[in-house]
Amino acid sequence: MSSKVKTKQPNSRQCFACGVDNACGLGMTFYEVGAGRVLAEYSVPENYQGFPGIVHGGIVFTMLDEVLGRVTMVGDHTKFTMTAKVEVRFRKPVPTGEPLQIHGKVDRRRGRLSFASAELRLPDGSIAAEAKGMMAEVPDQAMGAEQLEALGWKVYPD
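In our numbering, the protein residues as written are 1101 to 1258.
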């Protein structure tokens, strides 16, 4: 992880991308690395490959989509968003078993909508995939204390 000041974001128990108890999930962790910026570092196991040694495109999409949602939470981890629209550009094959970085940032906000972008970078720093998304805020009443407790939404130790 880079030397920047970072703050770990919460995870849930069963989310496919970040669930700490989801045996089939990715188990990713996310860090705030500045105002409206998030970083995840992850190495994709080969059981998520499409072609031998190459990460399935759906998994690449999932990692980018999760970062798009995570950047909208910077500063308020109880303010969830849902994907309204995403455009992904796949530039290079993503290898399994290699350390990857997924960077995200909020580009702008308009009312209940956040517009964000994300990049998946290979170990050499080149961009393998990128996404632009429109994220819609989940109404406060939909994610109260009871729902957060049911999610297991908290910061788990590394």
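Just so you know, even glycine gets a beta-carbon here, dropped at the ideal spot from N, CA and C.
Bear in mind the structure is a predicted one, so any value in this text is a computation, not a measurement.
Residue i (DSSP reduced to helix, strand or coil)
i: L1213; result: strand
i: N1147; result: helix
i: R1113; result: coil
i: L1126; result: coil
i: S1102; result: In this predicted model, S1102 has a pLDDT of only 49, less than 50, meaning its place in the structure is not dependable; the value taken from the coordinates is given anyway. In this structure, S1102 counts as coil in the three-state DSSP scheme.
i: V1155; result: strand
i: G1136; result: coil
Member of the options whose CA lies at the smallest distance from the CA of residue i
i: I1154; options: K1192, V1188 and G1175; result: K1192
i: L1139; options: L1164, A1123, I1159 and N1147; result: L1164
i: K1254; options: R1189, N1111, T1107 and V1105; result: N1111
i: R1170; options: L1251, E1141, Q1109 and P1199; result: Q1109
i: Y1131; options: V1174, S1226 and Y1148; result: V1174
i: V1186; options: E1166, R1209, G1225 and D1121; result: E1166
i: T1129; options: G1136, A1135 and C1115; result: C1115
i: T1162; options: A1231, A1250, P1239 and D1240; result: A1231
i: D1176; options: A1218, E1219 and R1137; result: R1137
i: D1240; options: V1160, E1219, L1168 and M1182; result: M1182
i: S1226; options: P1195, A1245, P1152 and A1135; result: P1195
i: A1117; options: P1145, A1135 and I1159; result: I1159
Own chain, CB closer than 7 Å to residue i, minus 5 neighbours either side, in chain order
i: M1243; result: T1178 and F1180
Close beta carbons around residue i, own chain, < 8 Å, minus the five adjacent residues each side
i: L1213; result: A1184, M1234, M1235, A1236 and E1237
i: F1157; result: One point to set straight first is that residue 1157 is Gly, not Phe, in the sequence displayed. Counting only Cβ-Cβ distances below 8 Å, and skipping sequence neighbours, we find G1150 and F1190.
i: D1258; result: K1108 and T1129
i: P1223; result: E1198, P1199 and L1200
6 Å CB neighbourhood of residue i in its chain, flanking five on each side removed
i: G1119; result: S1112, R1113 and G1125
i: H1203; result: L1139 and E1219
Return the chain-ordered ranges of every beta strand (DSSP E) run that is complete within the stretch 1173–1254 and spans a minimum of 3 residues. 1181–1190, 1200–1210, 1213–1221 and 1227–1237
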